[in-house]
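A.B. asks: This is the structure I have questions about; it appears just below.
Residue numbers (my numbering), protein chains in the order written: chain A, 1 to 78; chain B, 1001 to 1078; chain C, 2001 to 2143; chain D, 3001 to 3143.
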């Protein structure tokens, strides 16, 4: 199970900040997250960037147990 | 006698910061200052702005006893 | 990245050095209103400190690449709850000359706003909501 | 205008207010070298405080005319002898948004450099001399 990090509005939409999700690839893992959290999360995910281990990743990137998938909605720092 | 205020390099060239000088006009007063202080002052005056009572003045402006003539060489604040 | 109050005076002392004639600082301060809400009394920042710090380091590195003469660059951002009139972020840049100090400080805060994973929640009279001023996450260095 | 050490932290506290989300400061600091001399250990400023203050007020007024939303603008300049690494001039601008805070702070220091009657004497190892970086006195508002 890869680690899932849900930040800002993605955390609110999912109802939690950390979770675990199975691959085998990034797009499959994210589809499983959408199934689990529902429509509001799907809406946030659609406008978010997704990083794997701190870097942008392709949809078909393999996801393993030691990976961290971070869902990053539009930012508002500063 | 108008008051003469010699600042920065103009003070060094004249050898003093405050003096008094007669008019009747600004250009005559400045010519008298050059006579008094010499060539180095003339050189500084040539690249300076001259204010009367805090404002730029024309060469033929009359100069009276209550006026302050300030000689302002190129500036280097900040 | 830290939940502690930002001490700009200490950063200024740290940044000031005999070969730098110019020090520019930027402080982002909690305002009493936003484009969406009046009566804002606090901001709350959510982030992953690890991911955000990576990005802050990239920004400082890129500032140094663009302006190699810089003497000092620091960017500090608060996390958690920040009260009205307190600083949420400070940027300090020291440089031999002032043009690059201004340019680098502005680059740091402008780039931070669009490329650091931080999410601002506005606490106002009667509730709270994520900032409506969010922008899609961008890169530090344009590709 | 004052011979006293410039207290940027006090100015920052004064400038910070709940309707301003951005505070930009500029500090001009005595450098250890200039375009003409190495080993500079102090600067000495000659001026007429009255004439210089008039011009500083004009600069602040003009900044407010150009950026009417500014919340606070202050420009302080030291007179007399200023030691290495001390600030000779500080500019503080608070504004609702950061772009005008940066622009106004830069305007203030850029305009000060060319329009305020101040003369800088560099004290270096073995002597002193007027700064070679002087520019002809200009107007605050272009005519």
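Here a beta-carbon is modelled for each residue, glycine too, at the ideal position from N, C-alpha and C.
Does chain A have any CB closer than 9 Å to the CB of residue 2045(C)?
C.D. replies: Taking CB atoms only, residue 2045(C) has a neighbour in chain A less than 9 Å away.
A.B. asks: Nearest chain B C-beta to residue 3084(D) closer than 9 Å, yes or no?
C.D. replies: no
A.B. asks: Give the single residue among 3046(D), 3078(D), 3101(D), 3079(D) whose Cα lies nearest to the Cα of residue 2025(C).
C.D. replies: 3101(D)
A.B. asks: In the stretch 2100 to 2116 of chain C, which residues sit with their C-beta less than 7 Å from some C-beta in chain D, listed in chain order?
C.D. replies: 2102, 2106, 2109
A.B. asks: Measuring straight from C-alpha to C-alpha, what distance separates residue 2095(C) and residue 4(A)?
C.D. replies: If you take the alpha carbons of residue 2095(C) and residue 4(A), they lie about 42 Å apart.
A.B. asks: Between residue 3002(D) and chain B, is there a C-beta pair that is closer than 9 Å?
C.D. replies: no
A.B. asks: Going by the beta-carbon positions, is the gap between residue 2030(C) and residue 2023(C) smaller than 9 Å?
C.D. replies: No, the pair does not count as a contact, with Cβ atoms beyond the cut-off.
A.B. asks: Where does the unbroken beta strand (DSSP E) through residue 36(A) begin, and where does it stop?
C.D. replies: From DSSP, residue 36(A) is part of no beta strand (DSSP E) but of the alpha helix (DSSP H) over 26 to 37.
A.B. asks: Please compile the residues from chain D whose C-beta is within a distance smaller than 8 Å of the C-beta of residue 1074(B).
C.D. replies: Neighbours of residue 1074(B) on chain D, chain order: 3134, 3135, 3136, 3137.
A.B. asks: Would you list, in chain order, the members of the stretch 2008 to 2025 of chain C that have their beta-carbon closer than 8 Å to a beta-carbon of chain D?
C.D. replies: 2008, 2009, 2012, 2016, 2017, 2018, 2019, 2020, 2021, 2022, 2023, 2024, 2025
A.B. asks: Expressed to the nearest angstrom, what Euclidean distance is found between the alpha-carbon atoms of residue 1007(B) and residue 3001(D)?
C.D. replies: The C-alpha of residue 1007(B) lies about 16 Å from the C-alpha of residue 3001(D).
A.B. asks: Beta strand (DSSP E) containing residue 2064(C): first to last residue?
C.D. replies: Taken as a continuous stretch (DSSP letters only), residue 2064(C) belongs to no beta strand (DSSP E), being part of the alpha helix (DSSP H) at 2049 to 2066.
A.B. asks: Would residue 3006(D) and residue 3034(D) qualify as a contact pair, given that the criterion is a beta-carbon distance under 9 Å?
C.D. replies: No, the Cβ-Cβ distance between residue 3006(D) and residue 3034(D) is not below 9 Å.
A.B. asks: Name, going along the chain, the residues of the stretch 1045 to 1067 of chain B whose beta-carbon falls closer than 9 Å to a beta-carbon of chain D.
C.D. replies: For the stretch 1045 to 1067 of chain B, which is checked against every Cβ of chain D, the residues closer than 9 Å are 1047, 1048, 1049, 1051, 1054, 1056.
A.B. asks: Taking residue 1046(B) as the reference, give the member of 1014(B), 1015(B), 1073(B), 1058(B) with the closest Cα.
C.D. replies: Per the Cα distances, 1073(B).
A.B. asks: Output, in chain order, the set of chain C residues within a Cβ distance shorter than 7 Å of residue 3027(D).
C.D. replies: 2023
A.B. asks: Below 9 Å between beta carbons: does that hold for residue 2115(C) and residue 75(A)?
C.D. replies: yes
A.B. asks: In the DSSP assignment, the beta strand (DSSP E) including residue 2110(C) goes from what residue to what residue?
C.D. replies: That residue, residue 2110(C), is in no beta strand (DSSP E); its alpha helix (DSSP H) goes 2098 to 2115.
A.B. asks: Could you give the distance in angstroms between the alpha-carbon of residue 1061(B) and the alpha-carbon of residue 3121(D)?
C.D. replies: 32 Å
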